[in-house]
Amino acid sequence: MLARYPRAGLEDLREHIICEVMLTPEDFWQKYGANRGSIYGLSSNSRMAPFTRPGNRAREISHLYFVGGSTHPGGGVPLVMLSGKIVAELVEIDEQ
Numbered sequence: 103m104l105a106r107y108p109r110a111g112l113e114d115l116r117e118h119i120i121c122e123v124m125l126t127p128e129d130f131w132q133k134y135g136a137n138r139g140s141i142y143g144l145s146s147n148s149r150m151a152p153f154t155r156p157g158n159r160a161r162e163i164s165h166l167y168f169v170g171g172s173t174h175p176g177g178g179v180p181l182v183m184l185s186g187k188i189v190a191e192l193v194e195i196d197e198q
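103 is the number of the first residue of the sequence shown in my numbering; add one for each residue after it.
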């Protein structure tokens, strides 16, 4: 990656790096409890995956909601934000 930055006018970027950290899937699993170390939550590689993700509302416990990359609608920042919006709307409905 650092080889690309000189073309963007950042010729001496490498000289300014004080600390460099690499995270592995094992690190994500241990530090964040991420399923199998996945940064985007549960796998969504099969055709049925979107339909088998956990929902945003618990069935057995009222007022318990789930947000994140392993819940509906899926992984990645935009979808996690949408997951939060969905839960906010569910809370609003449940509080009426």
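Even glycine gets a Cβ: it sits at the ideal position worked out from N, Cα and C.
Is DSSP giving residue i helix, strand or coil here?
i, result
"Tyr-142", "coil"
"Arg-116", "helix"
"Arg-159", "strand"
Can you tell me which of the options puts its alpha carbon nearest to the alpha carbon of residue i?
i, options, result
"Pro-175", "Met-150, Glu-128, Ala-105", "Met-150"
"Glu-122", "Tyr-134, Met-103, Ser-145, Arg-159", "Met-103"
"Gly-157", "Ala-136, Gly-178, Thr-126, Val-189", "Val-189"
"Asp-196", "Met-183, Thr-173, Tyr-167, Gly-171", "Tyr-167"
"Leu-144", "Val-169, Glu-194, Glu-191, Leu-125", "Val-169"
In chain order, what residues of the same chain have a beta carbon less than 6 Å from the beta carbon of residue i, not counting five sequence neighbours either side?
i, result
"Gly-178", "Tyr-142"
"Leu-181", "Pro-175"
"Arg-159", "Tyr-167, Leu-192"
Would you report the Cα separation of residue i and residue j, rounded to the nearest angstrom?
i, j, result
"Ser-164", "Gln-198", "14 Å"
"Asn-137", "Leu-125", "15 Å"
"Val-193", "Leu-112", "47 Å"
"Glu-162", "Asp-129", "32 Å"
"Ser-140", "Ser-146", "11 Å"
Who are the near neighbours of residue i in its chain, counting only those whose CB is closer than 7 Å to its CB and skipping five residues on each side?
i, result
"Arg-116", "Leu-104"
"Asp-114", "none"
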